[in-house]
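Trainee:
There are 2 protein chains.
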Amino acid sequence: MRPETIENYLKTIYNLSSNNTAVVSNQKIADKLSLNPATVTEGLRKLHGLKYVIYEKSYGSRLTTSGSKLALDIVRRHRIWETYLAKELGFGWDEVHAIAEELEHVNNAKLINKLASILGNPTYDPHGDPIPDAKGKIQKSNFIKLSETKVKGNYKVMGVTDHSPTFLKYLEKHQLIIGATINVKTIEDFDNSIVLVCQKKEVNISPKAAECIIVQSI
Amino acid sequence: MRPETIENYLKTIYNLSSNNTAVVSNQKIADKLSLNPATVTEGLRKLHGLKYVIYEKSYGSRLTTSGSKLALDIVRRHRIWETYLAKELGFGWDEVHAIAEELEHVNNAKLINKLASILGNPTYDPHGDPIPDAKGKIQKSNFIKLSETKVKGNYKVMGVTDHSPTFLKYLEKHQLIIGATINVKTIEDFDNSIVLVCQKKEVNISPKAAECIIVQSI
DNA sequence: ATTATCTTTTTGGTATGCCAAAAATAATAA
DNA sequence: TTATTATTTTTGGCATACCAAAAAGATAAT
Ligand SMILES: [Mn+2]
Ligand SMILES: [Mn+2]
Ligand SMILES: [Mn+2]
Ligand SMILES: [Mn+2]
Numbered sequence: 005m006r007p008e009t010i011e012n013y014l015k016t017i018y019n020l021s022s023n024n025t026a027v028v029s030n031q032k033i034a035d036k037l038s039l040n041p042a043t044v045t046e047g048l049r050k051l052h053g054l055k056y057v058i059y060e061k062s063y064g065s066r067l068t069t070s071g072s073k074l075a076l077d078i079v080r081r082h083r084i085w086e087t088y089l090a091k092e093l094g095f096g097w098d099e100v101h102a103i104a105e106e107l108e109h110v111n112n113a114k115l116i117n118k119l120a121s122i123l124g125n126p127t128y129d130p131h132g133d134p135i136p137d138a139k140g141k142i143q144k145s146n147f148i149k150l151s152e153t154k155v156k157g158n159y160k161v162m163g164v165t166d167h168s169p170t171f172l173k174y175l176e177k178h179q180l181i182i183g184a185t186i187n188v189k190t191i192e193d194f195d196n197s198i199v200l201v202c203q204k205k206e207v208n209i210s211p212k213a214a215e216c217i218i219v220q221s222i
Numbered sequence: 005m006r007p008e009t010i011e012n013y014l015k016t017i018y019n020l021s022s023n024n025t026a027v028v029s030n031q032k033i034a035d036k037l038s039l040n041p042a043t044v045t046e047g048l049r050k051l052h053g054l055k056y057v058i059y060e061k062s063y064g065s066r067l068t069t070s071g072s073k074l075a076l077d078i079v080r081r082h083r084i085w086e087t088y089l090a091k092e093l094g095f096g097w098d099e100v101h102a103i104a105e106e107l108e109h110v111n112n113a114k115l116i117n118k119l120a121s122i123l124g125n126p127t128y129d130p131h132g133d134p135i136p137d138a139k140g141k142i143q144k145s146n147f148i149k150l151s152e153t154k155v156k157g158n159y160k161v162m163g164v165t166d167h168s169p170t171f172l173k174y175l176e177k178h179q180l181i182i183g184a185t186i187n188v189k190t191i192e193d194f195d196n197s198i199v200l201v202c203q204k205k206e207v208n209i210s211p212k213a214a215e216c217i218i219v220q221s222i
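Top to bottom, those sequences are chains L and Y.
The opening residue of the first sequence carries number 5 in my numbering; numbering runs sequentially from there.
The opening residue of the second sequence carries number 5 in my numbering; numbering runs sequentially from there.
Okay, structure coming up:
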């Protein structure tokens, strides 16, 4: 398997299993990578052979220790590049993901560590995702989804789980950027949409969008 | 053809034809890319179909206008990255080529132009090779090879045509770095090796090495 | 329990990028 | 000019990464 192919699978399995359950379905991988399910079955079998994944037929996949190590490294490269692009090169948080998607495959530890060092070894990327350190260690947090918050609570926006430019631009329009302070006013019975106050303006957030916004209680 | 494959061919043809004759042989391409000649024949036929090269069977290849444009763009990316790695990220001139070889395939004009702008839009890379501007224009020079210099002449080192770490480290050892001033003392009749003075020390340069050092008369 | 509906796997097949060996062609030397 | 050598092309094949459609298996609904 080409390194790039391996990296894309492992990163995807990592991202899918860290959010949801431990075991990842073929379909979710196929969706994320825009591949035919048949292709994913093949891919997982190969990754199982390479000992990067434990693939149990018709059930699901999870990373082995060595697969996890590699995945963490790719995630680090991706997030360091995103941060470097945003902080040092002036790109917007809606632009960095696409570029990092390519840069992450350039495998040179010295380069990544140098970028990280210039940035002051950051622990979060522009979307609020944690950046593993050079050893793969991740700082853990007590963040929750906006959809899980309680009425009348005060929160700080810590991240997003969707990196699409459309979503990020939408958030920016309402000042819902990282670090912003919000107050949850009400949750509509009708459609579960959340009404919150941010920068003294009232904003109505759909349940779908609320699933993609990460906050911390303050 | 995959973009990366196309880019590697076009860059190679460009590099080979700018130094030597206009038309490039299959063998030289095969050597540079470490490919079987049979593979190169196939590749060139495809590139001809794509209108990037004019490939005349059993004779040679040269770039079309559109091929040249693309080649210049890849060369720009490569050399901008080399310069950025050296100047902004602290890598040595013997290290940058290998990393740039990968980074050059990340195709994002905004990124490259941003890097170039940070560097002050440089016109030469760490090896003295000219960097095309965003439109593909290259500043031309009156540089010659050290092997073409005359006895008793004073010259300034402007570049190298070999990027291998071993060669570059060898040059560094003798202070033969870019910008260094040298005085050609004698050319040995026996083996055509060049004796020169650099930083007050006498150095003996083999004809092979002298072919790879670019200088300017001062 | 039996359908109906997803999901996964199998099967058969395509496109790309590569190589080794043989055949054809060109270049060089005798 | 003819032989020798080097280069290029053809041929037949291999590996990887993918897909569409059919078959098999798992889940959910009735
Ligand atoms: Mn991202
Ligand atoms: Mn991110
Ligand atoms: Mn180079
Ligand atoms: Mn260079």
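Just so it is clear, CB atoms sit at the ideal spot from N, CA and C, and this is done for glycine as well.
Please read all numbers here as calculations on a predicted model, not as lab measurements.
Comparing alpha-carbon positions, which option in V28(Y), H52(Y), V201(Y) lies nearest Y63(Y)?
Mentor: Indexing the second sequence from 1 puts residue 63(Y) at position 59. For the options V28(Y), H52(Y), V201(Y), the alpha carbon positioned closest to that of Y63(Y) is the one of V28(Y).
Trainee: Using the C-alpha atoms, what's the distance from V161(Y) back to G183(Y)?
Mentor: On the second sequence, position 179 is the one that residue 183(Y) refers to. On the second sequence, position 157 is the one that residue 161(Y) refers to. If I take the Cα positions, the gap works out to 5 Å.
Trainee: Beta carbon of A104(Y): closer than 7 Å to some heavy atom of ligand 6?
Mentor: Although ligand 6 was asked about, the structure shown includes only ligand 1, ligand 2, ligand 3 and ligand 4 as ligands.
Trainee: Please return the same chain residues whose Cβ sits closer than 7 Å to the Cβ of D230(Y), not counting the five positions on each side in sequence.
Mentor: Only positions 5 to 222 of chain Y appear in this structure, which leaves residue 230(Y) out of reach.
Trainee: Check distances from the C-beta atoms of the segment 84–116 of chain Y to those of chain L and list, in chain order, the residues that come in under 9 Å.
Mentor: Within the segment 84–116 of chain Y, contact with chain L at the beta-carbon level (separation under 9 Å) is assigned to L89, E92, L93, G94, F95, E99, A102, I103, E106, L107, H109, V110, N111, N112, K114, L115.
Trainee: Going by the CB atoms, is the gap between F147(L) and I218(L) shorter than 8 Å?
Mentor: As a working note, residue 218(L) is residue 214 in the first sequence. As a working note, residue 147(L) is residue 143 in the first sequence. Cβ distance < 8 Å, so I218(L) and F147(L) count as in contact.
Trainee: So is G94(Y) buried or exposed if we call it buried at 16+ other beta carbons inside 10 Å?
Mentor: As a first step, residue 94(Y) must be located in the second sequence, where it is residue number 90. Within a 10 Å sphere around the beta-carbon of G94(Y) sit fewer than 16 other beta-carbons, which makes this residue exposed.
Trainee: So I135(L) packs on D129(L), CB below 8 Å; how close in whole Å?
Mentor: Here residue 135(L) refers to the residue found at position 131 when the first sequence is read from its first residue. Here residue 129(L) refers to the residue found at position 125 when the first sequence is read from its first residue. Between the beta-carbon of I135(L) and that of D129(L) there is about 6 Å, and that keeps the pair under the 8 Å contact cut.
Trainee: Is the beta carbon of Y3(Y) less than 8 Å from the beta carbon of L119(Y)?
Mentor: This structure cannot speak to residue 3(Y), because chain Y is shown only from 5 to 222.
Trainee: The alpha helix (DSSP H) that contains V44(Y), what's its start and end?
Mentor: Here the question's residue 44(Y) lines up with position 40 in the second sequence. Boundaries of the alpha helix (DSSP H) harbouring V44(Y): 41–53, taken from the DSSP string.
Trainee: Using a 10 Å radius around the Cβ and a threshold of 16 neighbouring Cβ atoms, would you call K15(L) buried or exposed?
Mentor: Indexing the first sequence from 1 puts residue 15(L) at position 11. Label assigned to K15(L): buried.
Trainee: Since Y159(L) sits in a beta bridge, which residues does DSSP pair it with?
Mentor: Counted from its first residue, the first sequence places residue 159(L) at position 155. DSSP, once it has assigned bridges, lists I186(L), S221(L) as partnering Y159(L).
Trainee: Should D129(Y) be listed as close to ligand 4, given that the test is whether its C-beta is under 7 Å from any heavy atom?
Mentor: Counting from one through the second sequence, the residue named residue 129(Y) turns up at place 125. D129(Y): yes, Cβ under 7 Å from ligand 4.
Trainee: Confirm the yes/no value for this check: CB of E86(L), any heavy atom of ligand 1, distance under 7 Å.
Mentor: Mapped onto the first sequence, residue 86(L) falls at position 82. Yes, since a heavy atom of ligand 1 falls inside the 7 Å radius drawn around the Cβ of E86(L).
Trainee: If you count every other CB in all the chains shown that lies within 10 Å of the CB of V44(L), and 16 or more means buried, which is it?
Mentor: Position 40 of the first sequence, counted from the first residue, corresponds to residue 44(L). Buried is the call here.
Trainee: Determine, for K173(L), whether the minimum Cβ-Cβ distance to residues of chain Y falls below 8 Å.
Mentor: If you number the first sequence from 1, residue 173(L) lands on position 169. Not an interface residue.
Trainee: Who are the near neighbours of S21(L) in its chain, counting only those whose CB is closer than 8 Å to its CB and skipping five residues on each side?
Mentor: The sequence position of residue 21(L) within the first sequence is 17, counting from 1. For S21(L), where only same-chain residues beyond five positions count, the Cβ hits under 8 Å are V27, V28, R66, L67.
Trainee: Chain L beta carbons: is any one of them nearer than 8 Å to that of K160(Y)?
Mentor: For this step, residue 160(Y) is matched to residue 156 along the second sequence. Answer no: the Cβ-Cβ gap between K160(Y) and chain L never drops below 8 Å.
Trainee: Taking C-beta pairs closer than 8 Å, name the residues in chain L that K15(Y) reaches, listed in chain order.
Mentor: The sequence position of residue 15(Y) within the second sequence is 11, counting from 1. None at all; the shortest Cβ gap to chain L is about 17 Å.
Trainee: Rounded to whole angstroms, what's the CA-CA distance from K212(Y) to E92(L)? Just pull it up for me.
Mentor: Taking the first residue of the second sequence as 1, we reach residue 212(Y) at position 208. Taking the first residue of the first sequence as 1, we reach residue 92(L) at position 88. Cα to Cα, the separation comes out at about 42 Å.
Trainee: Taking 7 Å as the cut-off, is the CB of R66(L) close to at least one heavy atom of ligand 4?
Mentor: Start at 1 with the first residue of the first sequence, and residue 66(L) comes out as number 62. No, the beta carbon of R66(L) sits no closer than 7 Å to any heavy atom of ligand 4.
Trainee: In this structure, how does DSSP classify Y88(Y) when only helix, strand and coil are distinguished?
Mentor: On the second sequence, residue 88(Y) is found 84 positions in, with the first residue counted as 1. Looking at Y88(Y) - three-state DSSP - the assignment turns out to be helix.
Trainee: State the DSSP-derived secondary structure class of L93(Y), mapped to helix, strand or coil.
Mentor: Here residue 93(Y) is taken as the residue at index 89 of the second sequence, counted from 1. Three-state DSSP puts L93(Y) in coil, outside helix and strand.
Trainee: Looking at V207(Y) and H167(Y), is the spacing between their C-beta atoms short of 8 Å?
Mentor: To locate residue 167(Y), count along the second sequence from 1; it is residue 163. To locate residue 207(Y), count along the second sequence from 1; it is residue 203. No, the Cβ-Cβ distance between H167(Y) and V207(Y) is not below 8 Å.
Trainee: Tell me, to the nearest whole angstrom, how far the beta carbon of N158(L) is from that of N196(L); I am working on the premise that it is less than 8 Å.
Mentor: Position 154 of the first sequence, counted from the start, is the residue given in the question as residue 158(L). Position 192 of the first sequence, counted from the start, is the residue given in the question as residue 196(L). Between N196(L) and N158(L) the Cβ distance is about 20 Å, and since that is not below 8 Å, they are no contact.
Trainee: For N40(L), count neighbouring Cβ atoms within 10 angstroms of its own Cβ and tell me buried if that reaches 16, exposed if not.
Mentor: Residue numbering aside, residue 40(L) sits at position 36 when the first sequence is read from its first letter. N40(L) should be labelled exposed.
Trainee: Would you tell me roughly how many angstroms separate the C-alpha atoms of I191(Y) and A214(Y), rounded to the nearest one?
Mentor: Taking the first residue of the second sequence as 1, we reach residue 191(Y) at position 187. Taking the first residue of the second sequence as 1, we reach residue 214(Y) at position 210. Distance between the alpha carbons of I191(Y) and A214(Y): 11 Å.
Trainee: With a threshold of 7 Å (Cβ to nearest heavy atom), would H109(Y) be considered close to ligand 3?
Mentor: Within the second sequence, numbered from 1, the residue matching residue 109(Y) stands at position 105. H109(Y) Cβ: outside cutoff for every heavy atom of ligand 3.
Trainee: Among the residues of its own chain, which have a CB less than 7 Å from the CB of L200(Y), if the five just before and after it don't count?
Mentor: If you number the second sequence from 1, residue 200(Y) lands on position 196. Result list for L200(Y): I186, N187, V188, K189, V207, I209, in chain order.
Trainee: Nearest-angstrom Cα distance between L74(L) and R80(L)?
Mentor: Against the first sequence, residue 74(L) aligns to sequence position 70. Against the first sequence, residue 80(L) aligns to sequence position 76. Put simply, the backbone Cα of L74(L) is about 10 Å away from that of R80(L).
Trainee: Just the C-alpha distance for P126(Y) and I33(L), rounded to the nearest angstrom, thanks.
Mentor: Residue mapping note: residue 126(Y) aligns to position 122 of the second sequence, counting from 1. Residue mapping note: residue 33(L) aligns to position 29 of the first sequence, counting from 1. Taking the straight line from one Cα to the other gives about 43 Å.
Trainee: Within the continuous alpha helix (DSSP H) that includes Y59(L), where are the two ends?
Mentor: In the first sequence, counting from the first residue as 1, residue 59(L) sits at position 55. That residue, Y59(L), is in no alpha helix (DSSP H); its beta strand (DSSP E) goes 57–60.
Trainee: Are the CB atoms of I78(L) and E11(L) nearer to each other than 8 Å?
Mentor: Reading the first sequence from its first residue, position 74 is the one you call residue 78(L). Reading the first sequence from its first residue, position 7 is the one you call residue 11(L). Yes; because the gap between Cβ atoms is below 8 Å, this pair is in contact.
Trainee: Can you pull the chain L neighbours of K118(Y), defined as C-beta to C-beta under 7 Å?
Mentor: Numbered from its first residue, the second sequence carries residue 118(Y) at position 114. Residues of chain L passing the Cβ test: L93, G94.
Trainee: Using only the heavy atoms of ligand 2, determine whether one of them is closer than 7 Å to the beta carbon of D193(L).
Mentor: Walking along the first sequence from the start, residue 193(L) turns up at place 189. No, the Cβ of D193(L) stays beyond 7 Å of every heavy atom of ligand 2.
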